[in-house]
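Scroll down for the structure; my scribbles are underneath it.
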Amino acid sequence: MTLDPRLLSIPSARPTPGPMIPYQHQYQQESSRNRHDSPERGNMILPRRILAAVHPDIMHATNVARRRADDAYRGFLFLQNVFNQRFYRLCPNEPSVRASSHAKSIDLLFSWGPKSGFTADPPKIPTCAVKFYVEEDAYLKYAHRYRSCRQKYLNGVYLAWIKSDIYLRNFADNTPMSSLARARFNNWWSGYRDEMRAWEEQIDSLILPSWASIVRELREVIEERLDLDKEWDRWV
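Residue 1 is where the sequence shown starts when you use full-length UniProt numbering, and the numbers rise one by one after that.
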């Protein structure tokens, strides 16, 4: 089905992700961040005074938990990337010429807006510059695969990360160490845990809209960004 631009629209073909900071690298580049981005660098590197005071088994459990967190974060980024393809997946992959035309139209539609340094909106996109192709069956197949992938992620690497976090907390609480060392370790791990929440809190938002909802979204954006007035003038 070819979608007449006069009948369509979308609010976010490529939703801008929130602050997604890989916990290993960016702390080495920046000394501090606000609480909405990630914890202070000190929360990422276990201080030597804590290393010397805690049991080696706790450090082993900590390393395991951090590897699980890394796996979960990588899985989240993959899931987010697939989710962000939803408007492109309205069109079947074949024929490739049609899919390419649809993808270029989506790119043009969602790149529209004020340019850097300007506040005024640019001229609207002429309808002759875009051509959308949408098929319900193509989107539903994509949605089915995505939901299966998301569920596998939640029951797999993400659940493994959650379990390792719980295990580490319980293990640290029940392993002999001084109250000061325990407090310092728990404070450090809580900071690390806050870093993980920066992306964990976005998992629930990665839920695909229904067919009717996504077509309605597409229509709304088309009405906002395409020059439909001139298109109608051609026919009146």
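The beta-carbon is built from N, C-alpha and C at its ideal position, and this holds for glycine as well.
Three-way DSSP call (helix, strand, coil) for residue i in this model
{"i": "Leu226", "result": "strand"}
{"i": "Phe76", "result": "helix"}
{"i": "Phe87", "result": "coil"}
{"i": "His55", "result": "coil"}
{"i": "Lys115", "result": "coil"}
{"i": "Asn81", "result": "helix"}
{"i": "Asn63", "result": "helix"}
{"i": "Ala138", "result": "helix"}
{"i": "Ala120", "result": "coil"}
{"i": "Tyr27", "result": "Confidence is the limiting factor: at Tyr27 the pLDDT is only 25, short of 50, which leaves the residue's position unreliable, though a coordinate-based value still follows. Three-state DSSP puts Tyr27 in a helix."}
Residues sharing a beta bridge with residue i, DSSP
{"i": "Arg147", "result": "In the DSSP output, where bridge partners are listed per residue, Arg147 has none listed."}
{"i": "Arg106", "result": "According to the sequence displayed, residue 106 carries Ile and not Arg. Partner(s): none; Ile106 has no beta bridge."}
{"i": "Ile125", "result": "Leu226"}
Element boundaries [alpha helix (DSSP H), containing residue i]
{"i": "Leu51", "result": "48-51"}
Ranges of the alpha helix (DSSP H) found wholly within the region 150-230, counting only runs of at least 4: 157-174, 179-200, 211-225
Taking contact to mean at least 3 C-beta pairs separated by less than 8 Å, is the region 204-212 in contact with the region 132-148? yes
Using a Cβ distance threshold of 8 Å, determine whether the region 129-139 contacts the region 96-113, with at least three qualifying pairs required. yes
Could you check whether the region 94-101 touches the region 184-202, counting it as contact only if at least three pairs of C-beta atoms, one from each stretch, sit closer than 8 Å? no
Cβ contact check for the region 65-77 and the region 158-169: 3 or more pairs under 8 Å: yes
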